[in-house]
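These protein sequences, in sequence, are chains E and F. Per our numbering, the very first residue in the first sequence carries number 1; after that it's consecutive. Per our numbering, the very first residue in the second sequence carries number 371; after that it's consecutive. We put the beta carbon where it would ideally sit given N, CA and C, even for glycine. What you are looking at is a predicted structure, and each value in this text was computed from that prediction instead of being measured. Heads up: the structure comes next, in structure tokens.
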Amino acid sequence: MSGAQLFSYGQPGFGIAAALIKIVVFVVIFAMGLASLLTWLERRQSAMMQDRLGPNRANLGRWRAWGLLHFVADALKMVFKEDFIPAKANRFLFTLAPILAIAPPFIVLAIIPFGAPLCWGQMRAAVPPGACVRPVDLQIARLDVGVLFYFAFASLSVYGTTLAGWASHNKWALMGGMRAASQMISYEVTMGMAVLAMFVSYGTLEPGAMVLQQGPAPWQWGIVRGVPHFIAFFLFLVAALAETKRTPFDIPEGESEIVGYFVEYSGLRFGMFYLGEFLEVISSSALMVTIFLGGWQIWGASVLPNWAHVLVSMLVWGGKVFLFCVLQLLVRWTLPRFRADQLMRLGWQRLLPLSIANVVLAACWQMWIR
Amino acid sequence: MATTVRIVSRPEGWKRQSYLWGTLQGLGVTFGHLLRNWPRNLLGRRARSDIATLAYPEEKRPYPPRNRGLHRLMKRADGQVRCVACMMCPTACPAHCISIVSEESEDPRIEKRPRIFQIDELRCVVCGLCVEACPCDAIRMDTGIHAPPSTRRADAILDKEELLSRGEISVAMQAGEGIFWREKR
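Structure representation (structure tokens):
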């Protein structure tokens, strides 16, 4: 087989090249870029919410850009800070923990469809839905287990936090890790149940198919399919906020008052925890947009030439994810923190029964109402 | 004394206990502030916003007119120093930061003038008693300048020339000349 054939449509070379390009565009440029932006936006937005100015002084010469370059300064600071490992820490696990914290939010992005399918060879023509001969899905991995894959890897990040607390050889870090583990495991159940209600409605777990089942118009989105679907969205949102370990669910770290699981970490390893938290915000926002808010679909854009449709759909998708991130920051800077017992009561006694009842309600809705 | 326990009934229904409505109200408040303050990013200081922060080196809050800053020595109408070395200010100074050595004045109408007039800005407590003690309107603290940082202690001691360099001509009455404070200008 010649080189040109290897890279023609349908051949392994084409698939590998397409996957690499998708990973670069989606994970490296979009996710890393947005996560870096969020580290600045979190401080800037919170300042605006509290009538302050916030960080605005990472100038590049005369170019200030509202302090946008603060993330570069932060990254440089973290790279050059001392990388401290406590004397009695377990070096292997201590090194492994931040990797386990930052890798899962990257990996789960693989199943998220982030744009309309590209029609190979028909890019200049307007392609109506379903008429594409050689589609290239803008989704890194098309898995039938889809959302289950998300949960499998999202639950791996519990290991990152717990190991960080345990390997530090610090009692307070260990307790922080235990709090993180109990919280994340509790809320994962609710999260799964919320998606189960949507699964009953969609009949598939594959995110790309879920997006296509929702229409492009806002009244066709998953969130307005019915009452249980809206409840599922709400439950998922609350559980996702808890999964990201941010206020009001930040008892694992408790920035200012209680010592958290990464207290012994410094420099770039701390930076990985920090960035991992924002990546979790992005990946949970991406999943919510995909399941509940119509994903990349945009009303009336399929009359555009295929390349423009793909571009617009990617922008729409990115905009929805960005708005969700802003919403999560808004919640994080509005609500006070729960106590540990309040958190457990909310998770196990309120949200979990509600989510199980919601699954039953969704099933009834599916049988009798539509 | 027996403690009386009064049980306050809290008629909290599910609406209040779920915190849903309260949460939404709170989000509304913070989002309102975010929206109101956001134009500041695009329009700068012209935009109406609730932001209280000043971008300090570029924006400064104007000092009140009676602010006490770095000292200065005032001059007579002919440019001579107004100070007559009467020693009122070093006497009044609680920090003992003013040192004056007097000399005979060349002007026959004036008895004394300072040969050395030094103020140690490191010791100065910026109380303004020297200004109040001065009968000649010779020393003032109205420059609005903070004591500048210095790497050597000697640099923080201001001498006569430096104090006079910020000085201006004062028209207050002195030795029968000038405007009496009670007269209307």
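For this session: Provide the residue span of the beta strand (DSSP E) that contains E/Pro104, from first to last.
Result: Locating residue 104 of chain E in the first sequence gives position 104, where the first residue counts as 1. Where E/Pro104 is concerned, there is no enclosing beta strand (DSSP E), although the alpha helix (DSSP H) it sits in stretches over 91 to 107.
For this session: Measure the C-alpha to C-alpha separation of E/Ala363 and E/Ile231 and round it to an integer number of angstroms.
Result: Within the first sequence, numbered from 1, the residue matching residue 363 of chain E stands at position 363. Within the first sequence, numbered from 1, the residue matching residue 231 of chain E stands at position 231. Taking the straight line from one Cα to the other gives about 13 angstroms.
For this session: Grab the span of the alpha helix (DSSP H) containing F/Ile489 for me, first residue to last.
Result: The count along the second sequence starts at 1 and reaches residue 489 of chain F at position 119. Here F/Ile489 belongs to no alpha helix (DSSP H); instead the beta strand (DSSP E) covers 482 to 490.
Problem set entry | Contact under 8 angstroms by Cβ, E/Ala242 with E/Tyr159 | The count along the first sequence starts at 1 and reaches residue 242 of chain E at position 242. The count along the first sequence starts at 1 and reaches residue 159 of chain E at position 159. The answer is no: Cβ separation not under 8 angstroms.
Exercise. What are the boundary residues of the alpha helix (DSSP H) that includes E/Ala217?
Worked result: Counting from one through the first sequence, the residue named residue 217 of chain E turns up at place 217. Unbroken run through E/Ala217: none, as it is neither H nor E.
Exercise. Are the Cβ atoms of E/Leu156 and E/Pro104 separated by less than 8 angstroms?
Worked result: Within the first sequence, residue 156 of chain E is the residue found at index 156, counting from 1. Within the first sequence, residue 104 of chain E is the residue found at index 104, counting from 1. Yes, these two residues count as a Cβ contact at 8 angstroms.
Exercise. If we ignore side chains and look at the alpha-carbon of each, how far apart do E/Gln297 and E/Gly130 end up?
Worked result: The count along the first sequence starts at 1 and reaches residue 297 of chain E at position 297. The count along the first sequence starts at 1 and reaches residue 130 of chain E at position 130. Put simply, the backbone Cα of E/Gln297 is about 14 angstroms away from that of E/Gly130.
Exercise. Between the Cα of F/Pro434 and the Cα atoms of F/Gly514, F/Gln387, F/Ser388, F/Ala524, which residue gives the shortest distance?
Worked result: Residue numbering aside, residue 434 of chain F sits at position 64 when the second sequence is read from its first letter. When each option's Cα is compared against that of F/Pro434, the closest is F/Gly514.
For this session: Quick one: residues in its chain with C-beta nearer than 6 angstroms to the C-beta of E/Gln45, no 5 flanking neighbours on either side, listed in chain order?
Result: Here residue 45 of chain E corresponds to residue number 45 of the first sequence, with the count starting at 1. The answer, listed in chain order, is Leu329.
For this session: In the DSSP assignment, find the unbroken alpha helix (DSSP H) run with E/Val263 in it and report its ends.
Result: Taking the first sequence and counting its residues from 1, one reaches residue 263 of chain E at position 263. E/Val263 -> no alpha helix (DSSP H), and no H or E assigned at all.
For this session: Kindly indicate if chain E contains any beta-carbon less than 8 angstroms away from that of F/Trp391.
Result: Your numbering for residue 391 of chain F matches position 21 in the second sequence. Not closer than 8 angstroms to any Cβ of chain E, the Cβ of F/Trp391 fails to qualify, so no.
Exercise. Helix, strand or coil for E/Pro55 per DSSP?
Worked result: As a working mapping, residue 55 of chain E is identified with position 55 in the first sequence. Looking at E/Pro55 - three-state DSSP - the assignment turns out to be coil, as it is neither helix nor strand.
Problem set entry | N-terminal and C-terminal residue of the beta strand (DSSP E) that E/Gly115 is part of | Against the first sequence, residue 115 of chain E aligns to sequence position 115. E/Gly115 -> beta strand (DSSP E) spans 115 to 119.
For this session: Kindly list the residues whose CB is nearer than 6 angstroms to the CB of E/Trp307, restricted to its own chain and excluding five residues on each side of it in sequence; keep chain order.
Result: Taking the first sequence and counting its residues from 1, the one referred to as residue 307 of chain E is at position 307. These residues qualify, in order along the chain: Met123.
Exercise. For F/Glu538 versus F/Lys445, is the C-beta distance shorter than 8 angstroms?
Worked result: As a first step, residue 538 of chain F is located in the second sequence; it is residue number 168 there, counting from the start. As a first step, residue 445 of chain F is located in the second sequence; it is residue number 75 there, counting from the start. Against a cut-off of 8 angstroms, the Cβ pair of F/Lys445 and F/Glu538 comes out as a contact.
For this session: Ignoring anything shorter than 4 residues or poking outside the stretch 173 to 256 of chain E, list the alpha helix (DSSP H) runs there in chain order.
Result: 207 to 213, 227 to 243
Exercise. DSSP beta-bridge partners for F/Val471?
Worked result: For the purposes of this step, residue 471 of chain F is identified with residue 101 of the second sequence, where counting begins at 1. Bridge partners of F/Val471: F/Ile486.
Problem set entry | Other residues of its chain near E/Gly67: CB distance less than 8 angstroms, five sequence neighbours each side excluded | Numbered from its first residue, the first sequence carries residue 67 of chain E at position 67. Same-chain partners within the cutoff: Trp40, Arg44, Gly54, Pro55, Asn56, Arg57, Ala58.
Exercise. Considering E/Asp144, what are the terminal residues of the beta strand (DSSP E) in which it resides?
Worked result: Walking along the first sequence from the start, residue 144 of chain E turns up at place 144. No beta strand (DSSP E) holds E/Asp144; DSSP gives it neither H nor E.
For this session: Mind checking who E/Pro135 pairs with in its DSSP beta bridge?
Result: Stepping through the first sequence from its first residue, residue 135 of chain E is reached at position 135. Per DSSP, E/Cys119.
Exercise. For F/Asp477 and chain E, any beta-carbon pair shorter than 8 angstroms?
Worked result: Working through the second sequence from its first residue, we reach residue 477 of chain F at position 107. Put simply, the CB of F/Asp477 is far from chain E, with every gap to its CB atoms at 8 angstroms or more.
Exercise. Interface residues of chain E around F/Arg521 at Cβ under 8 angstroms?
Worked result: In the second sequence, residue 521 of chain F corresponds to position 151, counting from 1. A small correction: the amino acid at residue 521 of chain F is Thr; Arg does not occupy that position in the sequence shown. Those within 8 angstroms of F/Thr521 in chain E number zero; the least Cβ separation is about 26 angstroms.
For this session: For E/Lys81, collect the residues of the same chain with a Cβ closer than 7 angstroms to its Cβ; drop the 5 residues on either side in sequence, then sort them by chain order.
Result: As a first step, residue 81 of chain E must be located in the first sequence, where it is residue number 81. So the list reads Ser266, Gly267, once near-sequence residues are dropped.
Exercise. When you check each C-beta in the stretch 372 to 406 of chain F against every C-beta of chain E, which residues fall closer than 7 angstroms?
Worked result: Thr393, Gly396, Leu397, Thr400, Phe401, His403, Leu404
Problem set entry | Distance between E/Gly294 and E/Arg337 (C-alpha atoms, nearest Å) | Counted from its first residue, the first sequence places residue 337 of chain E at position 337. Counted from its first residue, the first sequence places residue 294 of chain E at position 294. Computed Cα separation, rounded: 32 angstroms.
For this session: Give the interface partners of F/Ala425 over in chain E, defined as CB-CB distance under 7 angstroms, in chain order.
Result: In the second sequence, the residue the question calls residue 425 of chain F occupies position 55. The contacting residues are Leu53.
Exercise. Helix or strand or just coil, what does DSSP make of F/Glu547?
Worked result: Within the second sequence, numbered from 1, the residue matching residue 547 of chain F stands at position 177. Here F/Glu547 sits in strand by DSSP.
For this session: Kindly confirm or deny that the stretch 178 to 192 of chain E and the stretch 269 to 280 of chain E touch, where touching means at least three C-beta pairs closer than 8 angstroms.
Result: no
Problem set entry | Minimum Cβ-Cβ distance from F/Ala422 to chain E less than 8 angstroms | The residue you call residue 422 of chain F lines up with position 52 of the second sequence. Judged by the 8 angstroms Cβ criterion, F/Ala422 is in contact with chain E.
Problem set entry | Sequence-distant residues of its chain with Cβ nearer than 6 angstroms to E/Ser355 (five each side left out) | In the first sequence, the residue the question calls residue 355 of chain E occupies position 355. Same-chain partners within the cutoff: Thr190, Met193, Ala194, Leu235.
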